[in-house]
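Chains as they are written, first to last, in our numbering: chain A, 2 to 212; chain B, 2 to 212.
Ideal Cβ positions, reconstructed from N, Cα and C, are used throughout, including at glycine.
Working notes for the structure below.
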DNA sequence: AATTTCCTACTGGTTTTCCGGTAGATGCGC
DNA sequence: GCGCATCTACCGGAAAACCAGTAGGAAATT
């Protein structure tokens, strides 16, 4: 697989960036470009037959979302470390890429030496970020500060059970309560979240980290 | 607020750890212990009247979940940087703490100099982790590799609308399709996710990063 | 050309949720 | 002791979701 040089694949639909990265990394000792692609499909094709230690992945590709591609790459080649490259820096996107198995996240305005450092760290099996990202992530996010409905103990308990796919009757017998009681709690939950039905409520609850 | 020394608060229900941290940090130049607490309630009380630059937060407290406390602290004192301290190192917990606004995550077996480094970095407004955590996070997670159901374009589209709280009728008129068609898609979605109802499906979908 | 997948649409029936109330018991804080 | 929040429980009815099928046409793949 990997010799003593780090094999790097790059996927980015912007030709200039692709060229720039290619030149930079080819002239860096210990690193080697294994392939350059401008679409998700090409990139996945490559990984079906060849190997890369690191994949620099532009998450703004035209033919697939960064999240999908990240997941697909990890399925195809779990040991390839993915470094996400992006122009935007929304916390939620960063967190989602990490959830999908990315090993790091860099803004595209990253300095050359910082990029090289991040590739090295990712190759050593470490999570890594450019400094700008570390600053953004350490700031309290608006979404984290979004007021979470104040739930009672019972309500939290029932919320979890609902999210597990239990029906009112299931929950009632599980908690040894009347189904009517559970219905009341369910009703209050929907009201507190301000959502019209459980689908929207569960989405909100998961995004707020309540599960 | 903060002078030239970093004001540190600690909350941990394990007396030994509390003592150890206290001794260590009090003997570190540039750092000062602002308060030590063994329960979430005490900690929140303190923050209502006093200030800390950094809060070392044990996420295994008896009287509140780490996530709840993190959220409450951030609401009470948004500029306090939270460093999560924990014995367990599940990816999902780490991601959730970050979502709630934590500035870093350390395992309790962290070395003294690493702890000091992390506190300094967090105080500078940077996201920071102990090395063990960076290793764990860079590994492909089981949950990320959990096979995501293969959804068609239509199904993804409808999944998002369902998660937004739209009813079958809403979606049908929005997409100019028969409600019966939407029902079929909904049914297929439930089957592909293997969930008994939308509540469980939406939870899974959000956790898989599909939203 | 043949096969598979996807999108569309339907039948008919059961279960569950959703909505609008009301209301007694308990425990907690002021 | 009084108020407030919480937990419990109920009614009746409308709306929506859920289940188990069938089926034709379009599009992509082989």
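Which of helix, strand or coil DSSP assigns to residue i
i	result
residue 20/A	helix
residue 174/A	helix
residue 129/A	strand
residue 3/B	Caution is warranted here: a pLDDT of 43 is assigned to residue 3/B, below 50, making its placement in the model unreliable, and the coordinate value is therefore given only provisionally. Here residue 3/B sits in coil by DSSP.
residue 124/B	helix
residue 150/B	coil
residue 169/B	helix
residue 117/A	helix
residue 53/B	coil
C-beta contact flag for residue i and residue j at 8 Å
i	j	result
residue 155/B	residue 127/A	no
residue 176/B	residue 211/B	no
residue 138/B	residue 95/B	yes
residue 108/A	residue 57/A	no
residue 77/A	residue 99/A	no
residue 53/B	residue 29/B	no
residue 86/B	residue 104/B	no
residue 14/A	residue 42/A	no
residue 200/A	residue 36/B	no
residue 19/B	residue 11/B	yes
residue 60/B	residue 124/B	no
residue 102/A	residue 79/B	no
Segment limits, alpha helix (DSSP H) that includes residue i
i	result
residue 93/B	92-100
residue 207/A	199-208
residue 164/B	154-164
residue 181/B	180-194
residue 70/B	67-77
residue 211/B	Element bounds for residue 211/B: n/a, residue is neither H nor E.
residue 50/B	41-50
Segment limits, beta strand (DSSP E) that includes residue i
i	result
residue 103/A	Counting along the chain, residue 103/A falls outside any beta strand (DSSP E), and DSSP gives it neither H nor E.
residue 35/B	32-38
residue 11/A	7-12
residue 60/B	No beta strand (DSSP E) contains residue 60/B, which DSSP labels as neither H nor E.
residue 85/A	82-87
Close Cβ partners of residue i (< 8 Å) along its chain, the five nearest in sequence each way excluded
i	result
residue 32/B	6, 7, 9, 26, 117, 120
residue 206/B	160, 164, 194, 212
residue 132/A	115
residue 74/A	44, 45, 48, 56, 58, 81, 83
Close Cβ partners of residue i (< 6 Å) along its chain, the five nearest in sequence each way excluded
i	result
residue 97/A	68
residue 170/B	180
residue 150/B	193, 194
residue 162/B	172
residue 38/A	12, 44
residue 183/A	169, 172, 173
Other residues of its chain near residue i: CB distance less than 7 Å, five sequence neighbours each side excluded
i	result
residue 111/A	131
residue 122/A	129
Proximal residues, the stretch 165-188 of chain B versus chain A, C-beta separation under 9 Å: 165, 166, 167, 168
Short-range partners of chain A found in the stretch 37-64 of chain B, where Cβ spacing is below 8 Å: none
Interface positions of the stretch 189-203 of chain B facing chain A (Cβ-Cβ less than 9 Å), listed along the chain: 196, 197, 198, 199, 200, 201, 202, 203
Positions along the stretch 83-103 of chain B whose CB lies within less than 7 Å of some CB in chain A: 96, 97, 99, 100, 101, 102
Positions along the stretch 129-141 of chain B whose CB lies within less than 9 Å of some CB in chain A: 129, 130, 132, 134, 135, 136, 137, 138, 139, 140, 141
Residues, ordered as in the chain, of the stretch 7-23 of chain B that lie near chain A by beta-carbon distance below 9 Å: none
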